[in-house]
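Data block below; observations after.
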């Protein structure tokens with residue numbers, strides 16, 4: 001999740017609700033809180049594709065993308081959030097249903113690709129970069145927080 005510069009009250013990232021790219025065509029209502037790190041990427045430079053619409057066809061057609069896989073929260077993570085913050089624990093439980101599923105992040109610009117590590121869902125749920133195309137393979141299996 002994005003941190004705040006509390007000394008100045010200035011957010012250090014762009015947080016918004018991203019809709020599945022296919023919502024443009026009225027075919028999907030998937031939404032996810034999304035984090036664009038350090039304001040380095042504009043919203044128009046990426047698109048999110050939900051697990052349902054993340055297909056071989058779109059991955060073949062697009063030259064640059066990365067997949068983010070939702071991971072099962074550990075018992076320790078669940079217990080931590082249950083004790084710490086009820087609303088964040090509820091968020092964790094809500095997104096847990098996506099464990100093992102992947103969303104696709106389409107990068108329309110080189111800038112979006114260069115910032116892949118800091119552009120991700122803004123959730124408590126654990127996730128990792130599962131696959132890439134047109135980006136460094138070193139990103140694969142990177143767990144993102």
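In the UniProt record's numbering, the protein residues as written are 1 to 145. Think of the CB as a built atom: it goes at the ideal place given N, C-alpha and C, for glycine as much as any other residue. All values reported here derive from a predicted model rather than from experimental measurement.
Closer than 7 angstroms by C-beta to residue 20: which residues in its own chain qualify, once you throw out the five before and the five after it? Chain order, please. 28, 30, 48, 49, 50 and 53
Check each candidate in 107, 33 and 111 and name the one with the smallest Cα separation from residue 58. 107
Three-state secondary structure (DSSP) of residue 6: Reliability fails at residue 6, whose pLDDT of 42 lies under 50, so the model's placement of it is uncertain and no value is given.
To the nearest angstrom, how far is it from the Cα of residue 143 to the Cα of residue 25? 32 angstroms
If I measure Cβ to Cβ from residue 109 and keep anything under 6 angstroms in the same chain, skipping five residues before and after, which residues do I get? 45
Between 136, 78 and 117, which lies nearest to residue 128 when the distance is taken from Cα to Cα? Comparing Cα-Cα distances from residue 128 to each of 136, 78 and 117, the minimum goes to 117.
Please name the residue in 56, 103, 64 and 84 whose C-alpha comes closest to that of residue 136. In this structure, 64 is the residue among 56, 103, 64 and 84 with its C-alpha nearest to the C-alpha of residue 136.
So, does the segment 30-39 touch the segment 67-76, judging by three or more C-beta pairs under 8 angstroms? no
Alpha carbon to alpha carbon, how far is residue 95 from residue 70? 8 angstroms
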